[in-house]
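Colleague:
There are 2 protein chains.
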Amino acid sequence: MGSERDSHLTEALVSAEQVWLGRFLDVRRDTVALPDGVQTSREYIVHPGAVMVLPLLADGHLVMERQYRYPMGRVMLEFPAGKIDAGEAPLACAMRELAEETGYRAKSWAHAGIVHNAIAYSTEGIEIWFARDLTAGAARLDSGEFLDVVTHSTAELEAMCASGEVTDAKTLIGLLWLQKWQAGQWPLVWQAAP
Amino acid sequence: MGSERDSHLTEALVSAEQVWLGRFLDVRRDTVALPDGVQTSREYIVHPGAVMVLPLLADGHLVMERQYRYPMGRVMLEFPAGKIDAGEAPLACAMRELAEETGYRAKSWAHAGIVHNAIAYSTEGIEIWFARDLTAGAARLDSGEFLDVVTHSTAELEAMCASGEVTDAKTLIGLLWLQKWQAGQWPLVWQAAP
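Chains as they are written, first to last, in our numbering: chain A, 1 to 194; chain B, 195 to 388.
Structure (structure tokens):
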């Protein structure tokens, strides 16, 4: 998707402004020039990026989490995930989040891809990692973090996605990647944990 | 996922504040009580909701869009989508966005599900609709809206998802739903356009 081919679609920065900065949200409003030269504003969140982990137990079950998500007003079933710390490599973040939130450590890791989950108003990208050869341990939740660790088979997860019980975007994409890999269609390259 | 079962996870509103309101973004910071009674803040976007349409041509190709997404800094390949207007039913929004952005009108529609794409910091839900029995017409883009309408086979879309060329979350979930429906695993109930 090269830039020359896309000049009739591309927007150019005119001026940038940080309009609100919270403990977590960094809100920007940039003035941009549209392809026809008209100026407008683009409002968006600057996000540090995140990782999601698909942890595969030896019996084929998946390690997942039930967590209250305040903007949703309810508990959601999700794959383990978390924000990348400043300067942290995505795999290091994946290993840290899996251990902190579930207690599991994995000997083998494979990078699947990246998902951009709110392209209209956030820079967030979620790196998808598979983890296997798991060893259970004690979770070390951050203060203020509350979640249940649960396990499900792929069939159980698929049924909950089809029925609408699972609606979290990254988790639905986790199911897509998982089943493509299981079918031998989207191969993974595994590496030992560093 | 009933509330009684989840009392050890649930957060309760203490006080609410709108901290920034732009032309598009509505930013909130609520004070909440965690399950252990400790108070913290939750920062999030209030979003009106959106729809995504999977438009199926008679030859099996999909109608898609290439659009510059400013927070990503590049053109993204996506299924047609748009925000729900105040008081608008999701199907009416789906019909409107498909016609405005691509010029296509569909005689048959089916609701697939809803996706929550940024559960940590946005209330957004994206309703997924399938559309078929399409008739081409002229697009009527909003002023300031620039996009290319393109068509792809399911196989082409899948290859671009596997390779990392397509990273938009809703579009990846569109592929999941499409292939599950094509395989007869996630059935759809079709209705005539109202």
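Using N, Cα and C, we set each Cβ at its ideal position, and we do this for glycine too.
Taking C-alpha atoms, which residue in L292/B, L382/B, W380/B, V245/B lies nearest to L256/B?
Modeller: Comparing Cα-Cα distances from L256/B to each of L292/B, L382/B, W380/B, V245/B, the minimum goes to L292/B.
Colleague: Per DSSP, what are the beta-bridge partners of Q67/A in this structure?
Modeller: Looking at the DSSP assignment, Q67/A forms a beta bridge with M76/A, L147/A.
Colleague: Quick one: which unbroken alpha helix (DSSP H) runs of 4-plus residues sit fully inside the stretch 284 to 338 of chain B? Chain order, please.
Modeller: Fully enclosed alpha helix (DSSP H) runs of 4 or longer: 284 to 296.
Colleague: Can you list, in chain order, the residues of the stretch 264 to 286 of chain B whose Cβ is nearer than 9 Å to any Cβ on chain A?
Modeller: Of all residues in the stretch 264 to 286 of chain B, Y264, P265, M266, G267, R268, V269, M270, L271, E272, A275, K277 have a Cβ within less than 9 Å of some Cβ in chain A.
Colleague: By the criterion of Cβ-Cβ separation under 7 Å, what are the contact partners of R23/A in chain B?
Modeller: Going along chain B in sequence order, the residues near R23/A (Cβ under 7 Å) are S235, E237.
Colleague: Just by C-beta distance, which residues in the stretch 359 to 383 of chain B are closer than 8 Å to chain A?
Modeller: Result list: E359, T361, D362, A363, K364, L366, I367, L369, L370, K374, Q379, W380.
Colleague: Run down chain B in chain order and give the residues with a C-beta less than 8 Å from the C-beta of E11/A.
Modeller: Near E11/A (Cβ distances below 8 Å), the residues of chain B are Y262, Y264.
Colleague: Where does Y60/A fall in DSSP's three states?
Modeller: Per the sequence shown, the amino acid found at residue 60/A is Gly instead of Tyr. If DSSP states are grouped into helix, strand and coil, G60/A belongs with coil.
Colleague: Taking one C-beta from the stretch 288 to 308 of chain B and one from the stretch 216 to 227 of chain B each time, how about it: are there three or more such pairs within less than 8 Å?
Modeller: No contact exists between the stretch 288 to 308 of chain B and the stretch 216 to 227 of chain B.
Colleague: Verify the CB distance criterion: does F340/B have a CB-CB separation below 7 Å to chain A?
Modeller: So, interface residue.
Colleague: Name the chain A residues that come within less than 9 Å of P229/B, Cβ to Cβ?
Modeller: The answer, in chain order, is Y68, F146.
Colleague: Examine the Cβ distances between the stretch 361 to 375 of chain B and the stretch 325 to 340 of chain B and report whether three or more of them are shorter than 8 Å.
Modeller: Touching, no.
Colleague: In terms of residue numbering, what span does the alpha helix (DSSP H) encompassing Q353/B cover?
Modeller: Looking at the sequence shown, residue 353/B is not Gln but Ala. Note, A353/B: alpha helix (DSSP H), 348 to 357.
Colleague: Apart from the five residues on each side of it in sequence, which residues of its chain come closer than 7 Å, Cβ to Cβ, to H241/B?
Modeller: Around H241/B: S316, T317, E318.
Colleague: Let me make sure I understand the geometry here. Which of R199/B, M266/B, S235/B, S201/B has the alpha-carbon closest to that of E211/B?
Modeller: Nearest of R199/B, M266/B, S235/B, S201/B to E211/B, Cα basis: S235/B.
Colleague: Taking 8 Å as the threshold, find out whether the stretch 299 to 307 of chain B comes into contact with the stretch 321 to 328 of chain B through three or more Cβ pairs.
Modeller: Contact between the stretch 299 to 307 of chain B and the stretch 321 to 328 of chain B is present, because at least three Cβ pairs lie under 8 Å.
Colleague: Determine the DSSP secondary structure at A86/A, reduced to helix, strand or coil.
Modeller: Residue state, collapsed to three classes: coil.
Colleague: Is M270/B closer than 7 Å to I45/A when the C-beta atoms are compared?
Modeller: Result no, Cβ atoms of I45/A and M270/B do not sit closer than 7 Å.
Colleague: Which residue or residues does DSSP assign as beta-bridge partners of R29/A?
Modeller: In DSSP, R29/A forms a bridge with E43/A.
Colleague: Straight-line CA distance for A363/B to G82/A?
Modeller: A363/B and G82/A: Cα-Cα distance of roughly 17 Å.
Colleague: Could one say the Cβ of G307/B lies closer than 7 Å to chain A's Cβ atoms, at least one of them?
Modeller: By this cut-off, G307/B is an interface position.
Colleague: Beta carbon of E294/B, beta carbon of R260/B: below 7 Å?
Modeller: No, they are not a contact pair.
Colleague: Based on DSSP bridge pairs, tell me the residues matched to L54/A.
Modeller: Its beta-bridge partners are F130/A.
Colleague: Compute the Euclidean distance between the alpha carbons of P274/B and S163/A, then round it to the nearest angstrom.
Modeller: C-alpha separation (whole angstroms): 24 Å.
Colleague: Please name the residues in the stretch 118 to 131 of chain A whose beta-carbon is closer than 9 Å to at least one beta-carbon of chain B, in chain order.
Modeller: Flagged, chain order: A118, I119, A120, Y121, S122, T123, E124, G125, I126.
Colleague: So, does the CB of D336/B fall closer than 7 Å to a CB anywhere in chain A?
Modeller: Not one chain A Cβ lies under 7 Å of D336/B.
Colleague: Which chain A residues sit within Cβ distance under 9 Å of V213/B?
Modeller: Ordered by position in chain A, the residues that pass the 9 Å Cβ test against V213/B are W20, G22, L25, V27.
Colleague: Using CA atoms only, rank isn't needed, just tell me which of A353/B, S347/B, D327/B is closest to W384/B.
Modeller: Comparing Cα-Cα distances from W384/B to each of A353/B, S347/B, D327/B, the minimum goes to D327/B.
Colleague: Quick check on this structure: which residue in L215/B, H202/B, A227/B has the alpha carbon closest to the alpha carbon of V208/B?
Modeller: Of the candidates L215/B, H202/B, A227/B, the one whose C-alpha sits nearest the C-alpha of V208/B is A227/B.
Colleague: Using the beta-carbon of each residue, which ones in chain A are nearer than 7 Å to V226/B?
Modeller: The contacting residues are Y70.
Colleague: Assuming contact is defined by CB atoms lying nearer than 7 Å, are T361/B and V115/A in contact in what I supplied?
Modeller: For T361/B and V115/A, yes; Cβs fall inside 7 Å.
Colleague: Within the continuous beta strand (DSSP E) that includes A386/B, where are the two ends?
Modeller: It spans 384 to 386 - the beta strand (DSSP E) in which A386/B sits, taken as one unbroken run.
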